[in-house]
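Below: one structure, written as structure tokens.
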Amino acid sequence: MVVCGDDGLARRLAHELQDVYRESVTLVMPVARAPQPVVGRRTATRLGLPARLPVGRQQRAADERALRVVEAAEPEEEVLVGAGVPGGAALALVYEDDETNLRAALVARRLNPRLRLVIRLYNRRLGQHLEELLDQAAVVAEPGVDLRELDASTTVLSDADTAAPALAASAVAGTSKIVQADGLLLRAVERTPPGRGRVAEPGLCTLALLSATTGDPAGTEGSERSGDRGPQLLPDDRSVAAATGRGIVALEAVSRTGPTAPLRLGSAALPVASLFSRRLRWSLAGIVAVVTALAVASSVTTGDHPLHAAYITLLDIFAINDPAVTEPPERKVLQILAGFVGLLLLPVLVAAALEGLGAFRTASALRRVPRSLSGHVVLLGLGKIGTRVLARLRELEIPVVCVESDPDARGVPLARRLRVPVVLGDVTEEGVLEAARIHRADALLALTSSDTTNLESALYARAVRSDLRVVMRLYEDDFATAVYRTLRTAHPDALTRSRSVTHLSAPAFASAMMGRRILGAVPVERRVLLFAALEVAGHAQLEGRTVAESFRPGAWRVIALDTSAPEDRRPDLSVPPEGEPAPVAGLVWDLHPGYVLQAGDRVVLAATRRGLAELLGRHAAAAPGRP
């Protein structure tokens, strides 16, 4: 297998294929593309870390010596040939530039029509068309090829789309961990035990046990090296019963939904509150109340019908009625009062016209942060990841304030359309986070591309509010672990999370290279639990076994059965688009433990990385003793 890229995703994907799936991998990367996270002196001093932190350098160098690495600036045809693409099984193109991936994919398809392609593209619409184009190119290059035998010949993925749901959920307390892949919706939730020595409610099934030291600031960090006291994925019933006092991640629902609807921008419309200020609205309401009172008084004093009295009052207000010279004194007094109301109404109408015109002129401008805003999420960075997370948070109807230093950043137009407040400025400068009302926020999402910026902003925000919920995007796992443990020790009562986009998205790319699409990933502390759809046929660990017998603790678990007819099934369990027939059946998640899995069944699995690798691997199963 060949992996081509220019950032950390390529490196992590190559190691995922080599270490977890035990594949022979060639990594194509530019020269000297090994970023070294370095923290500033001020930040390092506040955190208690050395000024320079070359995290994982020796380990990374040792790992890359075990790979076959081809150094090349661009994935030209000669480079792809030298990397073994003509005889390869799969190729992953994960460059940050969409155009580079597109050009290389066309060349690779010509070199090897049977090659399984996994392409990283941020542009969703382009990705849909590209899959069809490259599949057609395979048929043209080799007319007799059967795409069904190629098993997902072309797969287009986005690391931003893969990581955004997990990042958004991490920033919101009590928000379920949601995996949504077109028509499939899985929802998991963290639950704490009702009391010490008791077990939390498992829901449909227990997906994971949280770390036993989550309440201990000096405890383990929740990674794969945490041992028995760390998080346990897919535990059996005995382990769950013995884990009293520990939190769990429970599966709450599995269901089908309609096709993923595009993000509705209805909030971009200009409501009355945006057109007119509060003072003007109160002025208008007061005038309406006075006019109503005059109309009622006129009806009572003159005995006219209320509608006729209201009509006469309006004529008096606009000074287009005859003077009440011959009328009774009460009528004269009411006419004089109506004239005064008309004088007051004129400046109010002029102010309303000016404010409305100004609101329309500034509709395309960035919205300012309301002074009364509180309980919101402060999102730092509107790049590729930040843009997707912003869209996800607004879909959940969570108030957001964005901070971005570049006015031309990718996500600024989206924030403008969604009417999300944006603070333009360097987050490391004093006063920028205060302008985002960080002291009244519920959470901070630091998603810039700089570890230093994310860390420094988190430290500053914690200095302003010690109990603030913080989620940071950090590049290196070792560096993230050091930061996570130190911040947890310094602020034991606050929630701190560190997330790596490559750590969340690499399993999906690796699975696609093996011929399967991962439906989604759920982070469990610093580990990842995967969900995938799998045909039972050909898997001895599943076929002919009951649901209970097929369950392997710590590796995989069947959580749902797709009862659609084979001809109606789609690779990603999605609902067919408009115009195509809908499946007659759906997903069954409350499977009886004694149900026997048949060769024609398709199931939804919750699996660990190594468990899924064992099911999908083309080689022998993992060696004894390996999880």
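The number in this note's numbering is simply the position in the sequence shown, starting from 1, with 22 added. C-beta: ideal position from N, C-alpha, C; glycine also. Values in this document were obtained by computation on a predicted structure and should not be read as measured data.
Which residues does DSSP list as the beta-bridge partners of residue i?
i: Q357; result: In DSSP, Q357 forms no bridge with anything.
i: P443; result: R389
i: A272; result: V211, T228
i: V162; result: DSSP, once it has assigned bridges, lists no residue as partnering V162.
i: V449; result: None; V449 has no bridge partner.
i: E426; result: L446
Mark residue i as exposed unless 16 or more other C-beta atoms lie within 10 angstroms of its C-beta, in which case mark it buried.
i: E451; result: exposed
i: V211; result: buried
i: G633; result: buried
i: D372; result: Reading off the sequence, residue 372 comes out as Val, not Asp. The residue in question, V372, is exposed, as its Cβ has fewer than 16 Cβ neighbours within 10 Å.
i: V444; result: buried
i: W578; result: buried
i: S394; result: exposed
i: G269; result: buried
i: R44; result: buried
i: Q40; result: buried
i: E38; result: buried
i: F362; result: exposed
i: G110; result: buried
What is the DSSP secondary structure of residue i, counted as helix, strand or coil?
i: P351; result: helix
i: I342; result: coil
i: G308; result: helix
i: V411; result: helix
i: E571; result: helix
i: R631; result: helix
i: V597; result: Because the pLDDT of V597 is 40, which lies under 50, any placement of that residue in the model is unreliable, and the number read from its coordinates should be weighed accordingly. V597 falls in the coil class under three-state DSSP.
i: A458; result: coil
i: Q40; result: helix
i: E45; result: coil
i: L155; result: helix
i: V17; result: Only positions 23 to 649 of the chain appear in the structure, and residue 17 is not among them; the question remains open.
i: E636; result: helix
i: A465; result: strand
i: L564; result: coil
i: V92; result: strand
i: Q80; result: Per-residue confidence for Q80 stands at a pLDDT of 45, beneath the threshold of 50, marking its modelled position as unreliable; the derived number appears in the next sentence. The answer is helix: DSSP assigns Q80 an H, G or I state.
i: L395; result: coil
i: V194; result: coil
i: R579; result: strand
i: L256; result: coil
i: T335; result: helix
i: T324; result: helix
i: V400; result: strand
Please report how far the alpha carbon of residue i lies from the alpha carbon of residue j, in whole angstroms.
i: L401; j: S527; result: 20 Å
i: A32; j: L155; result: 24 Å
i: P253; j: V161; result: 46 Å
i: S533; j: E93; result: 25 Å
i: D489; j: Y482; result: 12 Å
i: L302; j: L379; result: 14 Å
i: D183; j: L232; result: 25 Å
i: T518; j: V493; result: 6 Å
i: D258; j: A264; result: 10 Å
i: V505; j: R521; result: 11 Å
i: A468; j: G537; result: 34 Å
i: Y333; j: T348; result: 19 Å
i: R90; j: A185; result: 28 Å
i: S471; j: G403; result: 8 Å
i: V486; j: I460; result: 8 Å
i: V47; j: A463; result: 45 Å
i: L619; j: A159; result: 37 Å
i: C424; j: A272; result: 32 Å
i: L440; j: S299; result: 20 Å
i: A562; j: T568; result: 12 Å
i: S321; j: H327; result: 6 Å
i: Y144; j: A126; result: 16 Å
i: D181; j: A582; result: 26 Å
i: R390; j: P429; result: 14 Å
i: P52; j: E96; result: 7 Å
i: L551; j: V103; result: 35 Å
Under 8 Å, Cβ to Cβ, is there at least one residue of chain C near residue i?
i: R624; result: Chain labels in this structure do not include chain C; a single protein chain is all it has.
* Counting only runs of 4+ residues fully inside the region 109-149, write out the alpha helix (DSSP H) ranges in chain order. => 120-133
* Unbroken alpha helix (DSSP H) runs of length 4 or more, entirely within the region 509-557: which are they? -> 523-535
* Which full runs of the beta strand (DSSP E) of 3+ residues lie inside the region 464-496, going along the chain? -> 465-468, 491-495
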